[in-house]
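Position 25 of the sequence shown, counting from 1, maps to 25 under the UniProt record's numbering, and the rest follow consecutively. Note that beta-carbon positions come from the ideal geometry of N, C-alpha and C, so glycine has one too. Below you'll find the structure, written out as structure tokens, and then a few comments.
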Amino acid sequence: MRVGGRSPPAFPDRQAGQAGLAERQPQDEVRQEQPGERSNNLTPDVRGGGQVVAVLGASAVTGIIDRLERAGYVRREPDPTDRRRVLVAAEPARIPDLTGVFDELTREMSALMARYDERETAAVVDYLTNTIRVLRSQTARLTGEE
């Protein structure tokens with residue numbers, strides 16, 4: 001849906017605003033893979049900055065770190081063993097309390113799901129599960145990773 005020529009802000013963007021971070025800028029969008037380019041999918045155990053940059057692109061990562069630094073969540077420090085590198089350190093005193101961030105969303109989603117009986121819920125789960133399967137399969141086909 002478009003409003004006045006612009007897409008409405010996404011939920012994650014509004015959450016970022018609530019945490020004192022600027023909403024995403026167009027230059028911060030995730031870089032699209034080029035045809036034939038292999039994906040380095042991020043997994044929870046990825047810690048290397050190079051791996052993150054390989055997936056998102058250097059400008060996106062720089063933009064993210066810039067916003068976090070401006071909001072006081074991180075600071076850049078020179079690497080004591082390699083002067084070419086810069087390390088990003090979290091500011092422990094600035095770790096936000098996010099315990100209530102999803103409370104209203106959880107309440108509203110629970111109310112929505114309460115409208116469906118067990119059979120209807122199974123149909124929704126089946127549809128979403130198979131949609132994800134088809135999208136992954138087609139993505140693999142298009143990127144040559146079948």
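- In the pairwise beta carbon analysis, the region 82 to 99 is classified as not touching the region 115 to 122: fewer than three pairs are separated by under 8 Å.
- In this structure, DSSP gives residue 85 a state outside helix and strand, which the three-state scheme calls coil.
- Under the DSSP assignment, residue 101 falls outside any alpha helix (DSSP H); it carries neither an H nor an E label.
- Sequence-distant Cβ neighbours of residue 86 in its own chain, meaning closer than 8 Å and more than five residues away, are 76, 77, 78, 79.
- Distance from the CA atom of residue 74 to the CA atom of residue 122, rounded to whole angstroms, is 43 Å.
- Secondary structure at residue 91: coil, using DSSP grouped into helix, strand and coil.
- The straight-line gap separating the alpha-carbon atoms of residue 66 and residue 120 is approximately 45 Å.
- Only residues of its own chain outside the window of five on either side were considered, and among them 116 have a CB closer than 8 Å to the CB of residue 124, listed in chain order.
- If you compare the alpha carbons of 129, 90, 102 with that of residue 71, the shortest gap goes to 90.
- DSSP, read as helix, strand or coil, puts residue 76 in strand.
- For the pair residue 54 and residue 103, the Cα-to-Cα distance works out to about 34 Å.
- Residue 141 and residue 130 have their C-alpha atoms some 16 Å from each other.
- By the beta-carbon neighbour count (other beta carbons within 10 angstroms, threshold 16), residue 58 is exposed.
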